[in-house]
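Listed in order, the protein sequences are those of chains W, E and V. Note that our numbering numbers the first sequence so that position 180 is 186, with each residue one more than the last. Note that our numbering numbers the second sequence so that position 71 is 132, with each residue one more than the last. Note that our numbering numbers the third sequence so that position 68 is 392, with each residue one more than the last. By construction, the Cβ of each residue, glycine as well, lies at the ideal position given by its N, Cα and C atoms.
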Amino acid sequence: MEVLDIIRPENQVFCKSGLMTDATLSYCPGCGHGTVHNLMMEVIDELGIVEDTIGVAPVGCSVLAYDFMDIDMTQAAHGRAPAVATAISRTWPNKYVFTYQGDGDLAAIGTAETIHACNRGENIVIIFVNNGIYGMTGGQMAPTTLVGMHTSTSPYGREVETMGSPLKMSELIANLPGTYYVTRQSVHTHKHARKAKKAIKTAFQNTRLGNGLSLVEIVSNCNSGWKMTPNESNIWMEENMFANYPLGDIKVKGKLRQIG
Amino acid sequence: MSDLKLMKGNEALAEAAIRAGADAYFGYPITPQSEVIEYLMAECPEKRTGMVVLQAESEIAAINMVYGAASTGKRVMTSSSSPGISLKLEGISYLAGAELPAVIVNVVRGGPGLGTIQPSQADYFQSVKGGGHGDYKLYVLAPASVQEMADFVADAFEIAFKYRAPVLILSDGMIGQMMEKVELNDQVERMSDEDIIQKYGSWATTGKKGRERNIITSLDLQPEKMEARVQALQKKYERMENEDLRYEKIQCDDAEFLIVAYGSSARIAQKAVQLGREKGIKVGLLRPITLFPYPKQQLFKLADQVKGILSVELNTGQMVEDVKLSVHHKVPVAHFGRTGGSIHTPEEILEALEENIIKDGSIRHH
Amino acid sequence: MTKVMGAIVVETETCKGCEVCIPVCTEKVIGMSTEVNRKGYHYAYMRNPGACTGCTNCAIVCPDRAIAVYRVRVEV
């Protein structure tokens, strides 16, 4: 059978989610943000909840998320998305409300908003993309930057003595009674991406239960910030990022799990 | 029949918010306005009207909660005092840039820094000249009584939604803490979700249903587009000046001298006018009720009639600059005002008028 | 005996040449073009089209969703 015979509409088994716009993604080649966007839109599409979904975009590489996600979204000040989402969820209790944040947004300037939204057990989903660096502004050190990692503001490698240790937000908030589901995934291989999609679906489904906040951390790569090719960065991520940010469910149905 | 009560300014404001049909209030404790959230928590408005009341982890979180609820078309309010408002300014600039309706209340206390908990009007520049970053202005209402603290809440929501803009109620510790009789409006029904979607669905992020998606943002990376947005904001402010300027003139018709004062200072200045009149000094008072838009033309006209103007404000001279801008050097303008939480007396105001305006040599051969 | 055959269609102008799809393709179908698209990226293409099984691994990791996948069962 010729290739052309295979490529027929009835034979199509995979294509871009209908909830992704046609805009060219502003992300660097091979960056995990694009993949996470797609998995989320596939989940929202499959759950049939787009009419009741409201997203909150942060400041950072994904500040333009609303150009790519064809859903209602509001853009929050740097770090404040959890507070913005809190108010949307409180005034529209039956809506699916999510924030989409990077590690600079969530674990640095937005630490208080993150912790208190979790501590109040807001009925929202937080999608936390952790690439251990500030990407949009050109690769500065973030609280999640690994020890010894070179960035534009830790040019000789992060030192614990002067710059502290990498902040594990998921473990931190998993210990708050207000969180119901906390998991750490990645999207750099098909296996990981499929598991991440399942986790994102679970998080959104939890909104129906109203048992507390669901946070899905996605450990992701930053090729330009780490100064590697996409595939090199994914290998480096497996060896270094996962060692510090072990993948797996940290809290399920309100119960802590031992991982890593 | 609306009912008559004896209430603190802060509490009258809180009750007025419930009765104005507010959907949500997000606050944080800070003297001298903590009564607002205390009253709201005690009233359990979610039972009375379904209104959401939440104490945030900081003023920054609170103003961003306001931003969130406002982006979905809900009527939302927050209140704080001077240092707390400084923390909220980024969020306020975002509200202006994203064109979101919201009501912010500043019960001003003495500054700068931690300052004091006593009343002050030292946040005039912060309130009227923007305060946060970028070319934006706030529509500013300045209550001078507990009655106005209540009345201005409904007025503020109306202006906020008329222009899709944040509105500031600029009060102070005195008006917030004093008790006076106040007539409260009847309860206005909160809008249902369906009404909100029907009325504001063209812009509010209520969930993409039967329409294109809505985006709330203040970001535009292309200069031409950003410039267009900023120019559109300025058009809005011009409309405010043409349609929603508010001020009050007291004994100005035959005035030879004029005092300009708002809020608490206007109350005290009224007594100074009375004392002056008793001494044969024909002095009147112009009380701006909106600080933006400011009564520029009215002052410009009054400058043809009076020999000098005293701007009275609980600070070291801020509104005096706008008075000078308005009168274009036609007559001398001077400032008087205690600061740091000290309150000027009517006698001090009259003395300042006599010293700086009436006895000033240049006035004699005017 | 039935055999599963697959094929992918890469939107050459959308592909940014990141090559993330290559290591996840167990059948080693994908290669990078020698030409470049309008943005100057080499784009992915089916170098060994016959080997594709339509498993969608490449498509799911493609950050820019530039890959559509087709699959059909064939009598052999």
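Since residue i is in the alpha helix (DSSP H), which residue starts that stretch and which ends it?
| i | result |
| --- | --- |
| Arg-338/E | 324-339 |
| Arg-96/W | 87-97 |
| Asp-212/E | 207-224 |
| Ala-413/E | 407-414 |
| Glu-244/E | Not the alpha helix (DSSP H): Glu-244/E falls in the beta strand (DSSP E), residues 240-244. |
| Ser-239/W | 236-242 |
| Gly-231/W | 229-232 |
Taking the alpha carbon of residue i as the reference point, which residue from the options has its own alpha carbon closest?
| i | options | result |
| --- | --- | --- |
| Leu-115/E | Asn-125/E, Ala-221/E, Ala-85/E, Tyr-100/E | Ala-85/E |
| Ser-253/E | Asp-247/E, Gly-262/E, Leu-245/E, Asn-246/E | Gly-262/E |
| Cys-228/W | Thr-59/W, Asn-136/W, Glu-165/W | Asn-136/W |
| Ala-55/E | Glu-160/E, Met-287/E, Glu-255/E | It is not possible to answer for residue 55/E, since the shown part of chain E is limited to 62 through 427. |
| Thr-92/W | Ala-71/W, Phe-74/W, Glu-223/W, Gly-61/W | Gly-61/W |
| Lys-343/E | Leu-360/E, Gln-283/E, Leu-414/E, Arg-307/E | Leu-414/E |
| Ile-133/W | Gln-18/W, Val-56/W, Asn-217/W, Ala-71/W | Ala-71/W |
| Leu-199/E | Thr-92/E, Val-291/E, Ser-372/E, Tyr-298/E | Tyr-298/E |
| Val-49/W | Arg-200/W, Lys-101/W, Ala-63/W, Ala-87/W | Arg-200/W |
| Ile-236/E | Gln-259/E, Ala-211/E, Lys-296/E, Glu-255/E | Ala-211/E |
| Thr-400/E | Gln-379/E, Arg-272/E, Ser-387/E | Gln-379/E |
For a contact defined as C-beta to C-beta under 8 Å, what are the partners of residue i on chain E?
| i | result |
| --- | --- |
| Val-90/W | Asn-125, Met-126, Tyr-128, Gly-129, Ser-132 |
| Ile-272/W | With chain W covering 7 to 266 only, the question about residue 272/W has no answer from this structure. |
Excluding the 5 residues flanking residue i on each side, which residues of the same chain have their C-beta closer than 7 Å to its C-beta?
| i | result |
| --- | --- |
| Arg-425/E | Bear in mind that the predicted position of Arg-425/E carries a pLDDT of just 44, short of 50, making it unreliable; the figure below should be weighed with that in mind. Nothing meets the Cβ criterion. |
| Leu-411/E | Ala-333, Leu-336, Gly-337 |
| Gly-24/W | Asp-51 |
| Val-166/W | Val-153 |
| Arg-136/E | Gly-82, Ala-83, Asp-84, Phe-218 |
| Asp-315/E | Lys-343 |
Mind pulling the chain W residues with CB within less than 8 Å of residue i?
| i | result |
| --- | --- |
| Tyr-394/V | Ile-12, Ile-13, Arg-14, Asn-17, Gln-18, Val-19 |
| Glu-343/V | Gly-36, Thr-235, Pro-236, Asn-237 |
| Ser-119/E | Ala-118 |
| Asp-84/E | Thr-97 |
| Asp-254/E | Trp-98 |
| Val-398/V | Met-7 |
Would you mind telling me which residues of chain V sit closer than 7 Å to residue i, beta carbon to beta carbon, in chain order?
| i | result |
| --- | --- |
| Asn-246/W | Here the premise fails: no neighbours, minimum Cβ distance about 18 Å. |
| Cys-37/W | Pro-387 |
| Val-9/W | Ala-331, Pro-373 |
| Thr-41/W | Val-385, Pro-387 |
Go through its chain and collect everything with a Cβ distance to residue i's Cβ below 6 Å, but skip five positions before and after it.
| i | result |
| --- | --- |
| Gly-54/W | none |
| Ala-383/V | Ile-391, Val-393 |
| Phe-87/E | Leu-115, Ala-117, Ala-123, Met-126, Val-127, Thr-139 |
| Leu-150/E | Gly-192, Gly-193 |
| His-427/E | Unreliable placement is indicated for His-427/E, whose pLDDT of 40 sits below 50; no coordinate value is reported for it. |
| Ala-205/E | Gly-324, Ala-327, Arg-328 |
| Val-344/V | Val-385 |
| Asp-196/E | Val-291 |
| Cys-34/W | Asn-229, Ser-230 |
Provide the residue span of the beta strand (DSSP E) that contains residue i, from first to last.
| i | result |
| --- | --- |
| Thr-185/W | 185-192 |
| Gly-330/V | 326-334 |
| Gly-158/E | Counting along the chain, Gly-158/E falls outside any beta strand (DSSP E), though it belongs to the alpha helix (DSSP H) covering 144-158. |
| Ile-354/V | 354-360 |
| Ala-85/E | 85-88 |
| Thr-139/E | 137-141 |
| Ala-208/W | Checking the sequence shown, residue 208/W turns out to be Thr, not Ala. From DSSP, Thr-208/W is part of no beta strand (DSSP E) but of the alpha helix (DSSP H) over 196-215. |
Using a cut-off of 8 Å between C-beta atoms, extract the partners of residue i located in chain V.
| i | result |
| --- | --- |
| Leu-31/W | Pro-387, Asp-388 |
| Arg-200/W | Ile-384 |
Mind listing the chain E neighbours of residue i? Cutoff is C-beta to C-beta under 7 Å, in chain order.
| i | result |
| --- | --- |
| Lys-5/W | Since the first residue shown for chain W is 7 and the last is 266, residue 5/W is missing from the structure and cannot be characterised. |
Run down chain W in chain order and give the residues with a C-beta less than 7 Å from the C-beta of residue i.
| i | result |
| --- | --- |
| Val-348/V | Thr-195, His-196 |
| Arg-348/E | Under the 7 Å cutoff, chain W gives no residues; its nearest Cβ is about 35 Å from Arg-348/E. |
Short of 8 Å in beta carbon distance, which residues of its chain neighbour residue i, apart from the five on each side in sequence? Order them along the chain.
| i | result |
| --- | --- |
| Thr-326/V | Arg-397, Val-398, Glu-399, Val-400 |
| Thr-195/W | Asn-240 |
| Gly-422/E | Confidence at Gly-422/E is low in this model, with a pLDDT of 49, below 50, so its placement is unreliable and the value that follows should be read with caution. Nothing meets the Cβ criterion. |
| Asn-44/W | Lys-22, Ser-23, Met-26 |
| Ile-98/E | Ala-75, Tyr-86, Gly-88, Tyr-89, Pro-90, Val-114, Gln-116, Ser-140 |
What does residue i touch in chain V if you count any residue whose Cβ is under 9 Å from its own?
| i | result |
| --- | --- |
| Met-26/W | Arg-389 |
Mind listing the chain W neighbours of residue i? Cutoff is C-beta to C-beta under 9 Å, in chain order.
| i | result |
| --- | --- |
| Thr-380/V | Val-19, Phe-20, His-196 |
Spell out a yes or no on whether the stretch 328-345 of chain V and the stretch 342-353 of chain E are touching, meaning 3 or more CB-CB pairs, one atom from each, closer than 8 Å. Taking a contact to require three or more Cβ pairs closer than 8 Å, the stretch 328-345 of chain V and the stretch 342-353 of chain E do not qualify as touching.
May I ask you to list, following chain order, the residues of the stretch 355-374 of chain V that have a beta carbon less than 9 Å from some beta carbon of chain C? The displayed structure is made up of protein chains W, E and V, and chain C is not among them.
Under 8 Å: do the stretch 64-81 of chain W and the stretch 174-181 of chain W share three or more Cβ pairs, one atom per stretch? These segments do not touch.
Would you check if there are 3 or more beta carbon pairs closer than 8 Å linking the stretch 102-117 of chain E to the stretch 143-151 of chain E? The answer is no - the stretch 143-151 of chain E does not touch the stretch 102-117 of chain E, with fewer than three Cβ pairs under 8 Å.
Three or more C-beta pairs under 8 Å: does that hold for the stretch 155-175 of chain E against the stretch 213-229 of chain E? Because the criterion of three Cβ pairs below 8 Å is met, the stretch 155-175 of chain E and the stretch 213-229 of chain E touch.
Would you call the stretch 106-115 of chain W in contact with the stretch 76-94 of chain W, where contact means no fewer than 3 C-beta pairs closer than 8 Å? With a cut-off of 8 Å on Cβ pairs, the stretch 106-115 of chain W is in contact with the stretch 76-94 of chain W, counting three or more such pairs.
Does the count of Cβ pairs from the stretch 212-232 of chain W and the stretch 184-198 of chain W closer than 8 Å reach three? Segment contact: the stretch 212-232 of chain W against the stretch 184-198 of chain W, three or more CB-CB distances shorter than 8 Å; contact assigned.
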